[in-house]
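This note's numbering puts the first residue of the sequence shown at 58, with every later residue one more than the last.
Positions of the beta carbon are idealized from the N, C-alpha and C atoms, including for glycine.
Some notes on the structure that comes next.
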Amino acid sequence: MKIKNDKPAAMKTRSFMKYRSFIAGHYDGMAGALTGFTGLVTGHEVLAGRLIRPERFDVRGCKQILDAGCGNGRYTKYLLRHADPGATLTTFDLSPAMLKRARNHLKSDRVSHAVADLTCLPYADGCFDAIVCGWVLEHLPDPSLGLCELARVLAPAGRLLLMTTENTFLGKMCGRLWHCRTYQRDDLRSTSSRCGLRWARELWFTDFHRVMRMGGIVVELHREGAVNG
Ligand SMILES: C[S@@+](CC[C@H](N)C(=O)[O-])C[C@H]1O[C@@H](n2cnc3c(N)ncnc32)[C@H](O)[C@@H]1O
């Protein structure tokens with residue numbers, strides 16, 4: 058099936074390698090520095106905490122947890138809050154400056170940080186019990202490049218919380234601002250399945266977001282064939 062998408066000029070006019078360098082520079086610079094501020098203004102800083110908690114995306118009992126494309130560590134903060142004391146937290150990002158911001162934000166020696174690319178992860182197969190990947194997949198021209206890597210490093214009974222920009226009016230506006238593409242929900246569901254990931258449940262930040270169908274695609278995925286729900 059052909060993926061219907063809306064790609065920004067920055068992605069359409071460059072090879073993936075050149076786009077990736079452009080995006081790393083974008084987040085290394087002012088745009089990345091502003092994410093702390095924009096997260097507060099848009100409420101995303103607080104909304105992150107509504108998803109990562111025991112009643113929603115539950116990381117209790119997980120030993121190895123990954124924040125993929127962690128940015129300034131907004132989601133890692135909540136992972137740290139709810140993870141078991143013995144859990145190991147790993148984060149990576151394409152942008153070294155974002156990782157520095159995450160380190161300064163989190164101030165925790167429980168978290169390890171690495172520069173890495175979502176399409177080529179430096180981790181062993183099946184090594185993470187829980188993965189959060191927030192607003193990164195829209196920076197790939199082909200979602201299967203990231204989804205198949207996430208499926209590879211996810212443990213057979215592991216769970217993945219994926220957040221990505223939807224192909225709506227607001228989503229497209231965000232895409233223009235952040236030079237990222239958008240996704241059709243059904244197409245992304247099929248691509249996930251082809252990568253071995255099953256949509257276990259769709260989540261919404263609040264009831265308002267659910268009714269208005271706002272806030273992007275937020276979904277918990279499990280490995281196909283896994284028995285964890
Ligand atoms: C919108 S920010 C989201 C950050 C964080 N996940 C959050 O929700 O606050 C997107 C992040 O993805 C990173 N990124 C973009 N493309 C990437 C790739 N191919 N591999 C790893 N990280 C990438 C950027 O550097 C940036 O920090």
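For this session: Would you identify the three-state DSSP class for M155, choosing helix, strand or coil?
Result: If DSSP states are grouped into helix, strand and coil, M155 belongs with the helices.
Problem set entry | Residues that DSSP places opposite A187 in a beta bridge | Answer is I122, R216.
Exercise. In the region 95-152, which residue ranges form an unbroken alpha helix (DSSP H) of at least 4 residues, counting only runs that do not cross its ends?
Worked result: List check, alpha helix (DSSP H) in window: 101-108, 131-139.
Exercise. For L151, is the beta carbon positioned less than 7 Å from some heavy atom of ligand 2?
Worked result: No copy of ligand 2 occurs in the structure displayed; its ligands are ligand 1 alone.
For this session: State the Cα-Cα distance for the pair L245 and G228, rounded to the nearest angstrom.
Result: Going by the C-alpha atoms only, they are around 15 Å apart.
Exercise. Under the DSSP definition of a beta bridge, which residues are partnered with L254?
Worked result: Residue pairing by DSSP puts L254 in a beta bridge opposite R280.
Exercise. Could you give the distance in angstroms between the alpha-carbon of H83 and the alpha-carbon of D174?
Worked result: Near 15 Å, if we compare the C-alpha coordinates of D174 and H83.
Exercise. Does DSSP put S78 in a helix, in a strand, or in coil?
Worked result: DSSP places S78 in helix when its eight states are reduced to three.
Problem set entry | Per-residue burial, M155 [other beta carbons within 10 Å of its own, 16 or more giving buried] | When all chains shown are included, M155 counts as buried.
For this session: Determine the contact status of L204 and C252, defining contact as a CB-CB distance below 8 Å.
Result: Cβ distance < 8 Å, so L204 and C252 count as in contact.
Exercise. Y135 CB to nearest chain D CB: under 8 Å?
Worked result: The displayed structure is made up of one protein chain only, and chain D is not part of it.
Exercise. Can you tell which of K157, F149, H162, L194 has its C-alpha closest to the C-alpha of V172?
Worked result: Closest by alpha carbon: F149.
Problem set entry | Burial state of R117 (16 or more Cβ within 10 Å) | Under a 10 Å Cβ-count criterion, R117 is classified as exposed, with fewer than 16 other Cβ atoms of the shown protein chains found around its own Cβ.
For this session: Go ahead and label L91 buried or exposed: buried means 16 or more other beta carbons lie within 10 angstroms of its beta carbon, across all protein chains shown.
Result: Under this definition L91 is an exposed residue.
For this session: Give me the Cβ distance between R113 and L260, rounded to the nearest whole Å; I'm assuming they're in contact under 8 Å.
Result: Going by Cβ atoms, the distance from R113 to L260 rounds to 6 Å, so yes, they are a contact pair.
For this session: Look at the Cβ atom of G191, then the Cβ atom of Y132, and state whether they are nearer than 8 Å.
Result: A contact, by the Cβ cut-off of 8 Å.
Problem set entry | Three-way DSSP call (helix, strand, coil) for S72 in this model | Looking at S72 - three-state DSSP - the assignment turns out to be coil, as it is neither helix nor strand.
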